[in-house]
Each structure stands twice: as structure tokens, then as C-alpha cells.
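Remarks on the structure that follows.
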Amino acid sequence: MRACAFLREIPAPSCTARHSFTSSSPACVVDRYPVNPSWMAKRIVGESAAISRHQVRIEIILCWALTDDPDCANIDSVWGGITLYMIVVGAGSIGTSLIDIAVKEKNNVVVVEQDPERARQVSNMYDITVLNGDATSTDTLREAGSDRADALIVTTSDDAVNLMVVSIASELKIPSIVSIVNKKEHAEFFRKLGANVMENPEEVVANHLYNAAKRPTVRDFTMLSQGDQVFRLTVKPTSPLVGRTLAESSRKGILPPTILIMSIERDGKREIPTGESTIEAGDVLTVFSLERASDELVETLTG
């Protein structure tokens, strides 16, 4: 039997239902499609460290959606496969790209979209649950499965709507909340509610293109929340890292304390390094930086 998803309209007291819904619900079923049994999969309950891993992965997926650059996904492989129950609010251009990526990554995705036509399009495109309703309603988010959600991502172009959804999600204690913030001056309001923000989507794209042009030796550049960065670079023979262990490079100040080498790729094989790992010319390093990496630092690392 084929799995199915269903499109609901919430609330819709005046709609004409082709299939009756329970009288206790304000919704009526507009249409039915086959339901993915994995939609009911047990939610992942992580400790704070695990939730942080979820958050990094969500931000990388969101970066991929914003920049339309599949290379962003390479960084995600460092964190391993983590299946999330995700609620995505908004099925515009960013939301649809995000949904596509999240589904391909085999996450359990539920979409909330207020526009009926957009909701129907997404429902026809993916084997997922789509709610045609108002995400600023607590009942809608509960209907979307807020009690078992690992993450909620808000992608609409209206900061007022996004802020209201974030506020409700915070009250419902969804572990990880991420939101697009279209105007920088609004970002602090979102952070006060516990949301991680992706500021100004247009600026994200511009920064991605700028960094790609300015630093051609740096690949898969991703800006995370709070200014953190993740990027990959290829070590040249002239790099001071060559022939040294990571511990030695740290002691000599070549690697500042704000830098973490997350993985080393050599001859097509990737490994998680230790302090005793030695860097060789041609190695591809995945680097996490707690602050914006300066041009001088990048040049030093690459050689």
C-alpha cells in the first residue's frame, strides 16, 4: 500500500468537505492523498549537545535552501545522519527549497501554508503532510505535531507572522526554533524568544557569492547564527600546518583557540581528527570558527 499525506484547511468552518472530519475539530478535509507511516515515527529526544547538532544541521540545510548551492550539504556529512521531525511554516521559494532538501535527507516533514494553492502544490509534489492553515494559531501548530517536533522552521516574508509563530512555538516548548528575519532590526525580538535566526535572506545570498569570489580556495562557506562560520579549504604545500599535528599547530599559535578542525579529507576518505592528527599538503579541512575568519587567517591555513 502506498503511503499517504493529506491536505487540511484549518480553520475552515465554511468549507465544503468531500470527506467528513471529526465534529470536535474545526477543520474539514479538503482532499486526501496516500499517508507516510514514518510520519508517526518516535521523536528523537536529545540532550543539549544533541540538540546543538540538530541546530547546526538545520542551519546548514537552510543555507542550502537560500543559496541553492548543493555544496552546503557536504558539511552536513560531518555531523552524521540525524532524522528530525520538522515543522516548516511557509511554502514560498525558500520554504519549498527547504522542504525539498529536508525530504531528500529523509526527515519527517510537516508543512503549514496559509495559501491554498501553494499548499496543494506542495502536497502534490511530496509524500508529506501539508496543513492549509494559519500557523499563528496554537491549534494549527498542535495539529502539525508540536508535541513531538524536534524543530520548527519559519520561512515567510512577514516578520510579524514569523515572530508570532516563534512565540507560540516557544510556549509549546519545541526544542529547536529557527526563523527567517527579513529586517535586521527585528532580529533581537526573535532571539529573546529563544529562536535562532537567519537574517535577511538576500544578504545571505550576497555574502555567499561575495565569499565565493573573494576566497576561491575556500569551499562550502556557511555562515551560522551569532556569526559562527563553517567552511572547507584545501591545504597547499606552503601552509604552516603541513607536517605538524593539530596539537602542535595549536601550541605554536597557528590554529587560534576560536578555530576547530572538524574533519580531514585525504584521498577521498574523511576522518574526524584528534590532536595527534598530522596535516598533509592536499588535505581538505572542514573548519568551524567561533567568529568571522579573517582573510589573513584563511591565507595562513591554506598557504
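Numbering (my numbering), first residue to last: 215 to 517. Quick reminder that beta carbons are idealized off the backbone N, C-alpha and C, glycines included.
Beta carbon of residue i, beta carbon of residue j: below 8 Å?
i: T370; j: G304; result: yes
i: S453; j: T516; result: yes
i: I391; j: V375; result: no
i: L199; j: L386; result: The chain is shown from 215 up to 517; residue 199 falls before or after that span and cannot be answered.
i: L511; j: R446; result: no
i: I342; j: V317; result: yes
i: D497; j: R484; result: no
i: D373; j: H400; result: yes
Comparing alpha-carbon positions, which option in the options lies nearest residue i?
i: L345; options: N338, V325, R362; result: V325
i: A409; options: E399, S384, A333, I478; result: S384
i: S307; options: Y299, E327, N322; result: E327
i: N338; options: K320, I313, D361, D353; result: I313
i: V501; options: E462, T448, V456; result: T448
i: G347; options: D341, Y340, R332, D361; result: R332
i: N396; options: Y340, M412, I315; result: M412
i: A495; options: H400, K320, K450, F403; result: K450
Along the chain, where does the beta strand (DSSP E) containing residue i start, and where does it finish?
i: R362; result: Neither: R362 is in no beta strand (DSSP E) and is coded neither H nor E.
i: E479; result: 473-480
i: G347; result: 343-347
i: L499; result: 498-503
i: L469; result: Unbroken run through L469: none, as it is neither H nor E.
i: E485; result: 483-485
Buried or exposed: which applies to residue i, given that a residue is buried once 16 or more other Cβ atoms fall within 10 Å of its Cβ?
i: C242; result: Residue placement at C242 is flagged as unreliable, the pLDDT there being 28, under the threshold of 50; the coordinate-derived value follows with that caveat. The residue is buried, with at least 16 neighbouring Cβ atoms inside 10 Å.
i: G489; result: exposed
i: T352; result: exposed
i: P389; result: buried
i: G309; result: buried
i: D329; result: exposed
Which residues in the same chain have their Cβ closer than 7 Å to the Cβ of residue i, if we skip the five residues on either side of it in sequence?
i: S503; result: D442, Q443, T472, I473
i: I486; result: S477
i: S463; result: L455, L469
Under 8 Å Cβ to Cβ from residue i, same chain only, skipping five residues before and after it: list those, please.
i: R458; result: K466, I468, T492, I493
i: L407; result: L377, V380, S381, S384, I391
i: A461; result: G489, E490
i: N321; result: T297, L298, Y299, M300
Within the same chain, show all residues whose beta-carbon is closer than 6 Å to that of residue i, passing over the 5 residues directly before and after it, in chain order.
i: I301; result: V324, A358, A363, L366
i: A264; result: Because A264 sits at a pLDDT of 35, beneath the cut-off of 50, its placement in the model cannot be relied upon, and the following sentence gives the value as read from the coordinates. Hits under 6 Å: none found.
i: V336; result: A305, V325, V344
i: S393; result: V368, N376, V380, F404, A409, V411
i: Y340; result: V317
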